[in-house]
Structure formats: structure tokens, C-alpha cells
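Participant: Got a structure for you, written out below as C-alpha cells; questions coming shortly.
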Amino acid sequence: MSSHAPSIPADDEKPTTSQWLSWVLVVTLIYLLLAAVGAIGDGFKMATGNNAKELFAFATNPFVGLMIGLVATALIQSSSTVTSIIVGMVAGGLPITIAIPLIMGANIGTSLTSTIVSLGHVRNGEEFRRAFSAATVHDAFNIVAVMILLPLELAFSPLQHTAEALAGFIASDTGVDMKSMNVMKMLLSPASDLLKGVVSWMPNKIWMGAALIVIGIAMILFVVSAIGKVLRTVMVGKAKDIMHRSIGRGPISGMASGAAITVLVQSSSTTTSLIVPLAGTGVFNLKQVYPFTLGTNIGTCITALLAATAISGPTAILAMQIALVHLFFNIFGIVIIYMLPFLRGIPPAIATKLAELAQRNKLYVVAYMGGVFFVLPLLMIGITQL
Amino acid sequence: MPVNKHRETENRIQELRQSIDELEQQLREIKSTESAQHETLDHLDEYINAVDTKVSSLKLFWGELKREWASL
Chain E
153 MSSHAPSIPA
163 DDEKPTTSQW
173 LSWVLVVTLI
183 YLLLAAVGAI
193 GDGFKMATGN
203 NAKELFAFAT
213 NPFVGLMIGL
223 VATALIQSSS
233 TVTSIIVGMV
243 AGGLPITIAI
253 PLIMGANIGT
263 SLTSTIVSLG
273 HVRNGEEFRR
283 AFSAATVHDA
293 FNIVAVMILL
303 PLELAFSPLQ
313 HTAEALAGFI
323 ASDTGVDMKS
333 MNVMKMLLSP
343 ASDLLKGVVS
353 WMPNKIWMGA
363 ALIVIGIAMI
373 LFVVSAIGKV
383 LRTVMVGKAK
393 DIMHRSIGRG
403 PISGMASGAA
413 ITVLVQSSST
423 TTSLIVPLAG
433 TGVFNLKQVY
443 PFTLGTNIGT
453 CITALLAATA
463 ISGPTAILAM
473 QIALVHLFFN
483 IFGIVIIYML
493 PFLRGIPPAI
503 ATKLAELAQR
513 NKLYVVAYMG
523 GVFFVLPLLM
533 IGITQL
Chain C
807 MPVNKHRETE
817 NRIQELRQSI
827 DELEQQLREI
837 KSTESAQHET
847 LDHLDEYINA
857 VDTKVSSLKL
867 FWGELKREWA
877 SL
């Protein structure tokens with residue numbers, strides 16, 4: 153435990169000025185995130201014209217899309233970054249049907265982070281077993297969720313239709329007319345104009361668009377990392393309060409606290425990694441950790457929803473739709489897997505077995521992590537492209 | 807009959823006492839676990855940056871893997 157990063161004072165111990173500065177920084181970073189998502193959308197439109205579908209023809213196979221989302225998130229180590237980029241790409245013309253498997257893949261890929269964190273307990277056999285099972289229960293749940301929901305989505309499109317209905321409802325019900333000038337567009341236009349000005353010297357629209365996409369992705373990578381660091385410092389006290397309150401109150405409270413803390417720190421990786429050492433100590437058991445990690449899946453959707461608000465114009469509803477697909481995928485996953493008693497026990501059983509194998513021989517860990525997150529996906533992409 | 811009734815009642819009391827003892831023991835265990843959880847959460851500041859230990863965790867694991875491999 154003590155090997156982890158140095159402790160940060162709780163927010164109530166911090167000086168007020170410092171807290172204000174932190175909040176100003178958070179607001180600035182959120183603005184940059186929204187500007188970055190807008191830049192990706194604009195860049196995608198510029199670079200592809202009306203040919204986004206053709207550009208992503210290689211990912212029309214949903215399994216390829218799933219694997220791309222998985223590997224990309226495993227490499228970047230942030231589902232918030234990947235989902236925000238996907239929102240921008242959908243705004244730029246990427247068809248929703250291609251984006252949905254990408255989102256599902258990102259959900260699996262993000263669980264690699266806590267699994268890596270659990271490796272830090274490798275020297276203590278029992279502690280490692282507990283930490284590894286706490287981390288892999290998230291992987292197992294997300295994989296089972298995809299195994300159930302992806303075929304259902306391909307057959308009946310429940311996520312696409314539900315999100316479509318709600319996206320339209322949000323757009324009209326809140327009075328935000330996404331098809332014309334709105335507050336968000338006015339707020340973001342200076343940043344958008346600035347970024348377009350930066351790339352205006354380039355020879356043609358394709359280059360300008362590509363440059364905007366690269367700048368947007370770089371900005372999202374920076375913002376998500378920075379905002380996570382700032383919010384962890386500012387929100388640790390709140391997170392502590394939430395977790396204290398949820399003790400002894402059952403799985404729904406555990407889920408709610410996982411979701412709330414993830415919203416506060418804007419990163420499911422932070423929350424799922426935080427619970428790993430707590431489980432490693434043995435003070436929290438897998439039964440308590442499991443609903444908490446499911447809550448983080450819900451909480452992490454806030455970033456894509458936030459990113460979608462950056463988009464204005466005709467594709468704004470599509471951007472909101474893909475963000476809502478992310479949310480509904482996680483809600484439906486919990487409703488189906490956690491609420492049905494015969495499915496509920498599957499992810500913890502997989503995690504327990506994996507942890508036993510990992511404790512017995514470290515090569516199982518290498519085979520599992522390398523296989524699930526990199527080798528199998530890349531192999532599948534390769535095979536489908538033959 | 808009254809003697810039998812007495813015995814039955816005494817047995818029932820004993821069973822109930824045993825059940826109460828077991829429930830009290832369970833409650834003590836739950837309280838003790840929850841107290842340990844609250845105590846751990848008081849040090850949440852030490853765990854909040856666990857996500858930043860990815861590189862050191864991988865290095866540590868790699869070292870252990872090599873050591874385990876060499877000992878085979």
C-alpha cells in the first residue's frame with residue numbers, strides 16, 4: 153500500500169485559493185476538451201467530405217470495430233479519450249453503426265488499466281490474488297456484456313434505437329436547437345476559429361482536416377490526463393465521504409458510489425485502480441468490489457456526454473446519440489448481467505479462476521493480458537482483412 | 807404433561823439463545839469488518855493515485871516473472 157504515490161491532502165485541508173485555482177483549471181480543461189472534440193468533428197468533415205463511410209469501410213465488420221476500439225483503448229489507457237474521439241468522428245460523418253462496436257471495444261480496453269495496477273501486488277501471493285480478481289472482474293463483466301449485447305445490437309439495434317429516441321428528446325426538450333446557433337457553439341467558436349486558423353496555411357482541405365484531427369486527439373490526450381490529475385486532488389475528500397457512506401448499504405449503493413466517484417474524477421481507470429489496493433488488503437471483498445466497478449462503467453459515460461455537447465449543427469444529435477449508446481450499453485449490461493441471478497455470478501467466477509491461475513503461475517497473467525487485449529484482437533483484425 | 811411442556815420450553819429457550827448468540831457474533835463480525843473498511847478509507851489519499859503506478863507495477867511484475875522463470 154505504502155508503495156503507492158505520495159498522499160494528497162483531502163480537499164478540506166487545502167487552502168481555499170488553491171481550490172479556486174484548481175476549479176478554474178478544471179473549467180479551462182473542460183473547455184479545451186470540448187474544443188478538441190469540435191476540432192476532430194470539423195477535421196473529419198474537412199478531410200473526408202462525404203466519404204467517411206468509405207474511409208472506415210474496413211471497420212464495417214463489427215468485430216473489427218470492436219477490436220479496434222479495444223486495442224486503441226488498451227494502448228491509450230483511457231476510454232474517456234477514445235470515446236471522446238469517437239464522438240468527434242461521428243460528428244464528422246462516421247456512421248453510428250460503425251461507431252457502436254468501437255464504443256463497446258473501448259469499454260473492454262479500459263479495464264486493462266486496473267489489471268496492470270494489480271500487478272504491483274505480485275510479491276504477496278494472497279494480496280495479489282485478491283487484487284487481481286478485483287481488477288479482472290471488471291474485464292470479465294465487460295467481455296460478457298459485449299458477448300450478450302453485440303449480437304443483440306446486430307440483430308435488433310436496441311442501443312441505437314433507444315439512444316436515437318432519447319437524443320432527439322434531449323435536443324428538443326431542453327430547448328437546445330442543435331441545428332442552428334446555440335450557446336455552446338457561441339462559446340466554442342473562438343477556439344474553433346483559432347484552431348482552423350492554425351491549420352489554414354496547409355495546401356488543401358484534406359491536409360487541414362487531418363491536422364485538425366491530430367491536434368484534437370493530442371488535446372484530448374492532454375486534457376483527459378491533466379483533468380484526471382487535478383480532479384483527483386480536488387475530489388479525494390468527496391470520494392472518501394461517498395465511500396464511507398456506502399459501506400454496509402448493499403450493492404446498489406456500491407454501484408452508485410462507483411458511478412459518483414467516477415463522475416467526480418472523470419476517469420473510470422482512476423476509480424477501478426483505486427479499488428484494487430483496497431481489495432488487495434482483504435478489507436473489501438470481491439462481492440463488494442464487483443458492483444462498485446459496475447458503477448464506474450456508468451460514471452465514465454459522462455465524458456462522452458460532455459463531449460457531445462461540443463457539437464453543433466446537423467450532426468449534433470448523432471454525436472449525442474453515440475454518447476447515449478455508451479451510457480445505455482453500460483446500463484443494459486448491468487440490468488441484464490447483474491439483475492439476472494444466473495448471469496450475475498459469471499464475472500466473479502471468471503475473475504476468481506483467473507486470479508487463482510495468476511497466483512499459481514505468472515505466465516497465465518502474460519497469456520491473459522497479452523492474449524485478450526492485444527494478440528487475439530490483432531489476429532482477428534488481420535484475419536478479417538485477408 | 808407439565809414436565810414435558812417445561813422441557814420443551816427450556817429446549818426452545820436454549821435454541822433461541824444459541825440463535826441470538828450466533829446472530830450477535832455475526833453482527834460483531836460485520837461491525838468489525840465495517841470498522842476496518844472505514845479505517846482503510848480514512849487513508850484513501852494514499853490509494854487515489856494508484857492509477858499512476860502502472861509503470862512501476864509492470865516493472866515489478868516483469869522482475870518477478872523473470873525470477874520465477876529462472877527458478878524453473
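Read top to bottom, the protein sequences are chains E and C.
Final position of the first sequence in the numbering used here is 538; the numbers increase by one with none missing.
Final position of the second sequence in the numbering used here is 878; the numbers increase by one with none missing.
All residues carry an ideal CB built from backbone N, CA and C; glycine is no exception.
#1: Let me know the secondary structure DSSP gives Thr262 (chain E) once reduced to three states.
#2: Establish whether the CB of Phe208 (chain E) and some CB of chain C are separated by less than 8 Å.
#3: Take every Cβ of the stretch 834–851 of chain C, pair it with every Cβ of the stretch 431–439 of chain E, and state whether three or more of those distances are shorter than 8 Å.
#4: Between which residues of its own chain and Phe210 (chain E) is the CB-CB distance below 7 Å, once the five residues before and five after are set aside?
#5: Measure the CB-CB distance between Ala243 (chain E) and Ile379 (chain E) and report whether it falls below 8 Å.
#6: Quick check on Ser877 (chain C) - is its C-beta less than 8 Å from some C-beta in chain E?
#7: Whose C-beta lies closer than 6 Å to the C-beta of Val178 (chain E) among residues of the same chain, with five residues either side of it excluded?
#8: My output table needs one value for Leu878 (chain C): the three-state DSSP class, helix, strand or coil.
#9: Short check: CB of Leu416 (chain E) to CB of Tyr853 (chain C), under 8 Å?
#10: DSSP three-state call for Met333 (chain E): helix, strand or coil?
#11: Are there 16 or more other CB atoms within 10 angstroms of the CB of Pro529 (chain E), so buried, or fewer, so exposed?
#12: Taking 8 Å as the CB-CB cut-off, is Ala519 (chain E) touching chain C?
#13: List the residues of chain C whose Cβ lies closer than 7 Å to the Cβ of Ser425 (chain E), in chain order.
#14: Looking at the structure shown, is Ala462 (chain E) part of a helix, part of a strand, or coil, going by DSSP?
#15: Which residues of chain C have a Cβ atom closer than 9 Å to the Cβ of Thr265 (chain E), listed in chain order?
#16: Would you call the stretch 238–252 of chain E and the stretch 451–460 of chain E in contact, with 3 or more CB pairs under 8 Å?
#17: If we define contact as Cβ-Cβ less than 8 Å, is Met299 (chain E) a contact residue for chain C?
#18: Using 8 Å as the limit for Cβ to Cβ distance, is Glu835 (chain C) near chain E?
#19: Taking all protein chains shown into account, do 16 or more other C-beta atoms lie within 10 angstroms of the C-beta of Thr200 (chain E), making it buried, or fewer, making it exposed?
#20: In its own chain, which residues sit with a C-beta less than 6 Å from the C-beta of Phe293 (chain E), not counting the 5 before and 5 after it?
#21: Step through the CB atoms of chain E and report whether any lies within less than 8 Å of the CB of Gln843 (chain C).
#22: Can you tell me whether His478 (chain E) is buried or exposed, with buried defined as 16 or more other CB within 10 angstroms of its CB?
#23: Give the single residue among E:Lys505, E:Thr235, E:Phe284, E:Gly277 whose Cα lies nearest to the Cα of Ala258 (chain E).
#24: The alpha helix (DSSP H) spanning Val223 (chain E) covers which residue range?
#25: Glu821 (chain C): buried (16+ other C-beta within 10 angstroms of its C-beta) or exposed?
#26: Answer with yes or no whether the minimum CB distance from Gly534 (chain E) to chain C is below 8 Å.
#27: What number of angstroms, rounded off, separates the C-alpha of Gly193 (chain E) from the C-alpha of Leu476 (chain E)?
#28: What number of angstroms, rounded off, separates the C-alpha of Ile228 (chain E) from the C-alpha of Asp827 (chain C)?
#29: Kindly say whether Lys392 (chain E), judged by its beta-carbon, lies nearer than 8 Å to any beta-carbon of chain C.
#30: Along the chain, where does the alpha helix (DSSP H) containing Thr414 (chain E) start, and where does it finish?
#31: Could you round the C-beta distance between Gly190 (chain E) and Gly361 (chain E) to whole angstroms and report it? I think they count as a contact, below 8 Å.
#32: Kindly list, in the order they appear in chain E, the residues whose Cβ is closer than 9 Å to that of Glu874 (chain C).
#33: Using only alpha-carbon positions, find the residue among E:His290, E:Met371, E:Ile535, E:Ile404 that is nearest to Ser425 (chain E).
#34: For Thr448 (chain E), does the count of other Cβ atoms within 10 angstroms reach 16, so buried, or fall short, so exposed?
#35: When DSSP labels each residue in this structure, what does Thr433 (chain E) get in the three-state scheme?
Facilitator: Taking the structure as given:
#1: On the first sequence, position 110 is the one that residue 262 (chain E) refers to. Three-state DSSP puts Thr262 (chain E) in coil, outside helix and strand.
#2: For the purposes of this step, residue 208 (chain E) is identified with residue 56 of the first sequence, where counting begins at 1. It does not: the Cβ of Phe208 (chain E) has no partner Cβ on chain C nearer than 8 Å.
#3: As far as the Cβ criterion goes, the stretch 834–851 of chain C touches the stretch 431–439 of chain E, which means the pair count is three or higher.
#4: Here the question's residue 210 (chain E) lines up with position 58 in the first sequence. Here the set comprises Val216, Gln537.
#5: The sequence position of residue 243 (chain E) within the first sequence is 91, counting from 1. The sequence position of residue 379 (chain E) within the first sequence is 227, counting from 1. Cβ distance not < 8 Å, so Ala243 (chain E) and Ile379 (chain E) don't count as in contact.
#6: Numbered from 1 along the second sequence, position 71 holds the residue referred to as residue 877 (chain C). Not one chain E Cβ lies under 8 Å of Ser877 (chain C).
#7: Residue 178 (chain E) sits at position 26 when you count from the first residue of the first sequence. Contacts found: Val382.
#8: Counted from its first residue, the second sequence places residue 878 (chain C) at position 72. Coil, per DSSP.
#9: Your numbering for residue 416 (chain E) matches position 264 in the first sequence. Your numbering for residue 853 (chain C) matches position 47 in the second sequence. Not a contact, by the Cβ cut-off of 8 Å.
#10: Position 181 of the first sequence holds residue 333 (chain E). Per-residue confidence for Met333 (chain E) stands at a pLDDT of 48, beneath the threshold of 50, marking its modelled position as unreliable; no derived number is given.
#11: Taking the first residue of the first sequence as 1, we reach residue 529 (chain E) at position 377. Classification of Pro529 (chain E): buried, given that the 10 Å Cβ count is 16 or more.
#12: Numbered from its first residue, the first sequence carries residue 519 (chain E) at position 367. Not one chain C Cβ lies under 8 Å of Ala519 (chain E).
#13: To locate residue 425 (chain E), count along the first sequence from 1; it is residue 273. Residues of chain C passing the Cβ test: Ala856, Val857.
#14: Numbered from its first residue, the first sequence carries residue 462 (chain E) at position 310. It is coil, neither helix nor strand.
#15: Numbered from its first residue, the first sequence carries residue 265 (chain E) at position 113. Chain-ordered, the chain C residues with CB closer than 9 Å to the CB of Thr265 (chain E) read Val857, Lys860.
#16: In the pairwise beta carbon analysis, the stretch 238–252 of chain E is classified as touching the stretch 451–460 of chain E: at least three pairs are separated by under 8 Å.
#17: Within the first sequence, residue 299 (chain E) is the residue found at index 147, counting from 1. Met299 (chain E) does not count as touching chain C.
#18: Taking the second sequence and counting its residues from 1, one reaches residue 835 (chain C) at position 29. No, because no Cβ of chain E sits closer than 8 Å to the Cβ of Glu835 (chain C).
#19: One-based indexing of the first sequence puts residue 200 (chain E) at position 48. Buried.
#20: As a working note, residue 293 (chain E) is residue 141 in the first sequence. Result list for Phe293 (chain E): Pro499, in chain order.
#21: Position 37 of the second sequence, counted from the start, is the residue given in the question as residue 843 (chain C). Chain E contact via Cβ: present.
#22: For the purposes of this step, residue 478 (chain E) is identified with residue 326 of the first sequence, where counting begins at 1. Residue environment for His478 (chain E): buried (at least 16 other C-beta atoms within 10 angstroms of its C-beta).
#23: Residue numbering aside, residue 258 (chain E) sits at position 106 when the first sequence is read from its first letter. Closest option to Ala258 (chain E), Cα to Cα, is E:Thr235.
#24: Along the first sequence, one-based indexing puts residue 223 (chain E) at 71. Per DSSP, Val223 (chain E) belongs to the alpha helix (DSSP H) from 214–228.
#25: Stepping through the second sequence from its first residue, residue 821 (chain C) is reached at position 15. By the 10 Å Cβ count, Glu821 (chain C) comes out exposed.
#26: To locate residue 534 (chain E), count along the first sequence from 1; it is residue 382. Look at Gly534 (chain E): its C-beta is not under 8 Å from any C-beta on chain C.
#27: Counted from its first residue, the first sequence places residue 193 (chain E) at position 41. Counted from its first residue, the first sequence places residue 476 (chain E) at position 324. Within the model, the alpha-carbon separation for Gly193 (chain E) versus Leu476 (chain E) is close to 17 Å.
#28: Here residue 228 (chain E) corresponds to residue number 76 of the first sequence, with the count starting at 1. Here residue 827 (chain C) corresponds to residue number 21 of the second sequence, with the count starting at 1. Between Ile228 (chain E) and Asp827 (chain C), the C-alpha separation is close to 54 Å.
#29: In the first sequence, counting from the first residue as 1, residue 392 (chain E) sits at position 240. Closer than 8 Å to some Cβ of chain C, the Cβ of Lys392 (chain E) qualifies, so yes.
#30: Indexing the first sequence from 1 puts residue 414 (chain E) at position 262. Its alpha helix (DSSP H) spans residues 403–417.
#31: As a position in the first sequence, residue 190 (chain E) is number 38, starting the count at 1. As a position in the first sequence, residue 361 (chain E) is number 209, starting the count at 1. The C-beta distance from Gly190 (chain E) to Gly361 (chain E) rounds to 13 Å, too long to meet the 8 Å contact threshold.
#32: Here the question's residue 874 (chain C) lines up with position 68 in the second sequence. Here the neighbours are Asn513, Lys514, Leu515.
#33: Working through the first sequence from its first residue, we reach residue 425 (chain E) at position 273. Out of E:His290, E:Met371, E:Ile535, E:Ile404, E:His290 has the C-alpha closest to the C-alpha of Ser425 (chain E).
#34: For the purposes of this step, residue 448 (chain E) is taken as residue 296 along the first sequence, with counting starting at 1. Thr448 (chain E) should be labelled buried.
#35: Mapped onto the first sequence, residue 433 (chain E) falls at position 281. In the three-state reduction of the DSSP assignment, Thr433 (chain E) falls in the coil class, being assigned neither a helical nor a strand state.
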